[in-house]
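With the first letter of the sequence shown counted as 1, position 68 gets the number 289 in this note's numbering; the numbers rise by one all the way through.
Virtual Cβ for every residue (Gly too), placed ideally from N, Cα, C.
Below is one structure; the comments refer to it alone.
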Amino acid sequence: MDSYIIVITIIGLAALSMAWVPAMIEKSFLSYPIIYLLIGVLIYSLPLSLPFPDPLWHEGYAVHLTELSVIVSLMATGLKIRRRVSWKNWKIPLKLVSVTMLLSIGILAFLGWWWLGLAPAAAVLLGAVMAPTDPVLAEQVQVGPPHDTEEDDVRFSLTAEAGLNDGSAFPFVWLAIAIAVGASTGEGWVTEWVLWDLVYKVIAGVAMGYVIGRGLAYLIFYLPRSSSFPETGDGFVALSATLVTYGLTEMVHGYGFIAVFIAALTMSSYEEGHEYHTEMHDFVTQIERILMVILLMLFGGSLVTGLLDHLTWEGVLLGLGFLFIIRPLTAYISIFKDNCSIREKVAISFFGIRGIGSFFYLAFAFNEANFTDTDELWSIVGFIVMVSIVLHGVTASRVMDYLDSSRRRERRAKRRLASENKGRSYRDEQV
Numbered sequence: 222m223d224s225y226i227i228v229i230t231i232i233g234l235a236a237l238s239m240a241w242v243p244a245m246i247e248k249s250f251l252s253y254p255i256i257y258l259l260i261g262v263l264i265y266s267l268p269l270s271l272p273f274p275d276p277l278w279h280e281g282y283a284v285h286l287t288e289l290s291v292i293v294s295l296m297a298t299g300l301k302i303r304r305r306v307s308w309k310n311w312k313i314p315l316k317l318v319s320v321t322m323l324l325s326i327g328i329l330a331f332l333g334w335w336w337l338g339l340a341p342a343a344a345v346l347l348g349a350v351m352a353p354t355d356p357v358l359a360e361q362v363q364v365g366p367p368h369d370t371e372e373d374d375v376r377f378s379l380t381a382e383a384g385l386n387d388g389s390a391f392p393f394v395w396l397a398i399a400i401a402v403g404a405s406t407g408e409g410w411v412t413e414w415v416l417w418d419l420v421y422k423v424i425a426g427v428a429m430g431y432v433i434g435r436g437l438a439y440l441i442f443y444l445p446r447s448s449s450f451p452e453t454g455d456g457f458v459a460l461s462a463t464l465v466t467y468g469l470t471e472m473v474h475g476y477g478f479i480a481v482f483i484a485a486l487t488m489s490s491y492e493e494g495h496e497y498h499t500e501m502h503d504f505v506t507q508i509e510r511i512l513m514v515i516l517l518m519l520f521g522g523s524l525v526t527g528l529l530d531h532l533t534w535e536g537v538l539l540g541l542g543f544l545f546i547i548r549p550l551t552a553y554i555s556i557f558k559d560n561c562s563i564r565e566k567v568a569i570s571f572f573g574i575r576g577i578g579s580f581f582y583l584a585f586a587f588n589e590a591n592f593t594d595t596d597e598l599w600s601i602v603g604f605i606v607m608v609s610i611v612l613h614g615v616t617a618s619r620v621m622d623y624l625d626s627s628r629r630r631e632r633r634a635k636r637r638l639a640s641e642n643k644g645r646s647y648r649d650e651q652v
C-alpha cells in the first residue's frame, strides 16, 4: 500500500480522536500528549513503511514543522492571557524569563562542557535549547480560553513564561551559533552578537508585534464600528495573523516568536469582553492540536528508530538533574520573595515543561552552523523532552486540582472569618 495513503489516514484518525480523547482522560492521571507519544511509539514499531521520523536525518523538515507548531501555539497563548502588562502583574513570569532562564542556560552550559565533555558551542547550545518552557505541551497548567476570566498566579505565570521565553532564548541559540562559526573561522563575533542578535532582533520583534497587533485590532474591532468596513467573525484570522506577523518580522530580521506573542497580547487587550477573541483562540487552538498530534507521533516514532542511540548515563543524569533540580531550584530562587503561597511557588518552579520548542531550536542551530556532538545533543534533548512529557503530564492535573481546592478552602475560611468578625462587632455594638 502507498505509504502516503497510510500517513494521511493515520494523521486523520489521530486528529479525529482529539475531539474525544481530552475529555475521556480528563479524570485520569494521563495527559493526551502521553497518549499520542505512545501511539507514535506503537505505529512505528509496526511494519507500515512509514517515513523515517528521526530528526537527525531530516533537520530541515524538523525546523519548519516545529517552527509552525510553536508560532501557532504562541498566538493561542497570547490570545488567552487577560492580565494587563505591568510590572506588578507580570513580575513572576518576567523573573522566570530573565533570572531563571539565564541561570538555567549557564548551569547547563557549564555541566555540558565539564560533565559531558561537549565543545563550548555545543554546551551553550544545550543550555539555550533547554532553557525555554514549551507553550505547545503545557495546556494543562495554562490559563483557560479568553472567556475564562479567572487567572490564578500559577497558571498565569506558566502561560506567560511559555509565551515570553520561546523568543527570549533565541539570542542564546545565536550565541552558540556565533561561537561555533567563530571557532571554525577565527573571526570575532561578540560585538555583532550583542548589537544584532541580542539588541536589534529583540527590539524589532517587540516593535513589529505591537504595531501589527494594533493594526489588526483596528481592522477587527474599531474600523467596522466607525465606517462601512465589513465586520469579520472568522476564527481563521488568528492563523492568518500568526503567519503575517511572523513573516513580516522575519523579513526585517526580528525575532518572529516574540512578535507573534506580542501581537496576540496586543489584540487581546482590545475589546476584552468581545466574543471574537474566543472565536480566534478556539480556531488557532484546533490547528495547534493537529500539529501537536503529528509532532508527538513523529517524536514517539523517533524514540524507537534511533533518537536515543547516543544517550549516555552522564546524559541521563544531566537530564534528570535538570528537570528535578536545576529548573525547580533556579525558578524558586527567582520568585521566592513574591507574594504567593509556598505551594504555588513550588508548582511554578516544578512545571517547566520542555517540548517542541527545544526541537526547533536544535534543528535550527544545526542548519545554521556545523556543531560537534550533534548526535549526542539530539539524544539528550530527546530524553529530556520525553521525561518531561511523562513526568509533567502525569502530575499536572493532580497538582492543579490540589491547588484549586486549596484556594477554594482558603476563600471559604476567609469568608467564614469575616462573617464571624462582623457578627462579633454587631454584638459588641449592642452591648
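Alpha-carbon spacing of residue i relative to residue j, whole angstroms
i, j, result
"V615", "F572", "11 angstroms"
"E471", "A617", "35 angstroms"
"L416", "I229", "45 angstroms"
"T533", "I605", "13 angstroms"
"K558", "G407", "44 angstroms"
"E631", "I546", "30 angstroms"
"V473", "G426", "9 angstroms"
"V357", "G542", "23 angstroms"
"R435", "G299", "14 angstroms"
"E372", "N310", "11 angstroms"
"L460", "L638", "49 angstroms"
"L258", "A634", "42 angstroms"
"S555", "V320", "6 angstroms"
"R376", "Y439", "29 angstroms"
"P366", "G494", "12 angstroms"
"L263", "I328", "36 angstroms"
Given residue i as reference, the closest of the options once Cα atoms are compared
i, options, result
"F478", "K422, V432, M488 and L624", "K422"
"S489", "L437, I610 and L379", "L437"
"S252", "Q361, V345 and Y282", "Q361"
"M621", "R636, I231, K566 and L286", "K566"
"R575", "D387, F331 and I292", "D387"
"A586", "R632, V606 and G281", "G281"
"F580", "S290, L486, I226 and Y225", "S290"
"I246", "S640, S626 and R619", "R619"
"D355", "H495, S640 and A390", "A390"
"R304", "D374, T593 and H285", "D374"
"I483", "S627, F377 and L385", "L385"
"G468", "V458, F457 and A480", "A480"
"S562", "D625, T595 and L263", "D625"
"L444", "S405, Y491 and Y431", "Y491"
"N560", "K312, G333 and L286", "K312"
"A283", "M607, T595, Y582 and S640", "Y582"
"G261", "R564, V432, T487 and L524", "L524"
Span of the alpha helix (DSSP H) around residue i
i, result
"K316", "W308 to K316"
"D387", "D374 to S389"
"T551", "R548 to I556"
"N588", "I577 to E589"
"L469", "F457 to M472"
"K566", "I563 to F571"
"T523", "Looking at the sequence provided, one finds Ser at residue 523 rather than Thr. It spans Y497 to L524 - the alpha helix (DSSP H) in which S523 sits, taken as one unbroken run."
"S224", "S224 to S238"
"I255", "Y253 to I264"
"R435", "K422 to A438"
Cβ-Cβ distance between residue i and residue j below 8 angstroms
i, j, result
"A210", "I569", "Past the boundaries of the shown model lies residue 210; the chain is included only from 222 to 652, so the question cannot be answered."
"V306", "E382", "no"
"T499", "H368", "yes"
"I400", "E589", "no"
"V514", "A235", "yes"
"Y379", "Q363", "Correcting the residue type first, residue 379 is Leu in the shown sequence and not Tyr. Yes, the Cβ-Cβ distance between L379 and Q363 is below 8 angstroms."
"I577", "G540", "no"
"G527", "D275", "yes"
"E653", "S294", "Nothing can be reported for residue 653, as the shown portion of the chain is limited to 222 through 652."
"V345", "A330", "yes"
"H502", "A297", "yes"
"A343", "I326", "no"
"L516", "T287", "yes"
"G603", "L529", "yes"
"L396", "L598", "no"
Local Cβ density within 10 Å of residue i, reported as buried at 16 or more and exposed below that
i, result
"Y497", "buried"
"L237", "exposed"
"W335", "exposed"
"K248", "exposed"
"R636", "exposed"
"R548", "buried"
"L267", "exposed"
"S627", "exposed"
"Y225", "exposed"
"D418", "buried"
"D594", "buried"
"G409", "exposed"
"S448", "exposed"
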